[in-house]
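Taking it in order: structure first as structure tokens, then the write-up.
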Amino acid sequence: MRIKLLIVTSFVLFSAGIALSVIVIKNKNLSDVDLVAINDLVKTIEKNWGQVKEQTFHDSGIKQPFAIIDREGNVRYQTPDYHFTNIYEPIKNRDTLIDLQQNNEIVGKLIIYNNEQEIVQQMKRELITSVSLILGVLMIVSLLYLVFIDRILLKPFQQLQYFAANVARGNLDIPLNMKKNNYFGAFTESFDLLREELDAARQREYESNRSKKELVATISHDIKTPIASIKAVSELMLIQATDDKVKKQVDTIFLKAEQIDLLVTDMFHATLEELQQLKISVNEVASGVLADMIENVNYDQRIDYDPIPPCILLMDLVRMQQVIDNIISNAYKYAGTKITIKSQINQGYLELSIMDFGAGIREEELPLLFNKYYRGRNVEGINGSGLGLYISKYFMEKMYGQICCYNRKDGFTVALKIMLA
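Below is the structure:
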């Protein structure tokens, strides 16, 4: 509607300007041709023939240059801006020639200069000036309207295009800005509401998937603890059993437990990449709980540990139990010796040193032990996934603690540093 109005207005302005210019020029041309004044001039000349002077024509009203000649072609009078040469020049120029009579006899001629060409040229100049002025005004109006169109229509569409591209790429955090004079207010607001709904739906989906993966990871890891207990008890029963039938049944239990352990490990692998999403809730906990955690994995009383110094620690009970389970399980699996645990408070941490008395590992392998899926060269014939220390390091760092390992002359040590509250 606004564009149509601009076109009609521009056309009307242009037409009116042209018409006004033509009328002004035409009226000016008509005012120059004053027949009454010419008639009065002729009568004045005829009346004063023989006494023609400049004062005689002072108020003649004739604007065009003119000259008065007698029958012989001699100039009796001419205006300063007219230069008579001969009678042929006025005829050639189509000047106005009027006979002057006295006593019904032609005594001379009045020659009025024909300035038609000058008038035409002047009309052209004035017309060109008027048209140029009108075109200039129209150009300014058009330019202003183009700026208006760009601001009101084009820029909002460009913003919509940029917004749609962000939505297509999944960038739902960038809102669609709306201004007070937005021509597409409701349309723009609907798009932004769509973005918010998509973002909310994606967030709900993300939370749902995270909960599922966290549940699978937590359950699969926690299942490994009772399975390790079953396997440890089965091994102990195999050593103590004397009846072949009992040995066979216990061996079946051990093999099935081993099979379940492998399946749970595979399930844990499927969710390992999402481990960063596991929630860790750090709270202030009394250090006495560490003794209970150690006893939970002390299957056959092979762990000796000093009393834990009383203090308040920062940790997640569930995650810390998983860390201790992983470390002691590795000691059972790879060293096969008794385990000694020593503890002390040092520089804002409770240091827990879990020591076995096995062969340890090569020094060049120590920096690699906390890498995902890495297993040392001493694991031939021993089942495992290379994830225990990797997960333990992740949990310890999220609980503001540290974990490290080193060889001793008489075995291998994994040291935990748990932050004091």
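When we follow this note's numbering, the leftmost residue of the sequence shown carries the number 13, and every step to the right adds one. We put the CB at the ideal spot given by N, CA and C, even for glycine.
Between Asp328 and Met411, the C-beta gap is smaller than 8 Å, which places the two residues in contact. With fewer than 16 neighbouring CB atoms inside 10 Å of its own CB, Leu156 falls in the exposed class. About 6 Å separates the beta carbon of Gly423 from that of Gly370, a gap short enough to meet the 8 Å contact definition.
Pro322 and Tyr361 have their alpha carbons spaced roughly 12 Å apart.
Sixteen is the threshold: when 16 or more other Cβ atoms of the shown chains lie within 10 Å of the Cβ of Val309, as they do, the residue is buried.
Counting of Cβ neighbours within 10 angstroms places Ile231 among the exposed residues, the total staying below 16.
Judged by DSSP secondary structure, Tyr344 falls outside any beta strand (DSSP E); it is assigned neither H nor E. For Met411, no pairing in a beta bridge is given by DSSP.
Just measuring C-alpha positions, the residue of Gln170, Pro92, Ile124 and Thr91 sitting nearest Glu101 is Ile124.
Annotation for Tyr174: no beta strand (DSSP E) segment contains it, though the alpha helix (DSSP H) segment containing it runs Lys167 to Arg181. Rounded to whole angstroms, the separation of the alpha carbons of Leu206 and Leu380 is 48 Å. When the five nearest sequence neighbours on each side are left out, the beta carbons in the same chain lying within less than 6 Å of the beta carbon of Ile272 are those of Ile239, in order along the chain.
Within 10 angstroms of the beta-carbon of Met332 lie 16 or more other beta-carbons, which makes it buried.
The continuous stretches of beta strand (DSSP E) do not include Tyr125, and DSSP gives it neither H nor E.
Under the 8 Å Cβ criterion, the segment 159-170 does not count as touching the segment 103-120, having fewer than three qualifying pairs. The Cβ atoms of Ile57 and Ile80 sit closer than 8 Å to each other. Setting aside the 5 residues that flank it on each side, Ser246 is surrounded in the same chain by Val262, Ile265, Phe266 and Ala269, each with a C-beta closer than 7 Å to its C-beta; the list follows chain order.
According to the DSSP assignment, Leu109 belongs to no alpha helix (DSSP H) but to the beta strand (DSSP E) extending over Thr108 to Gln113.
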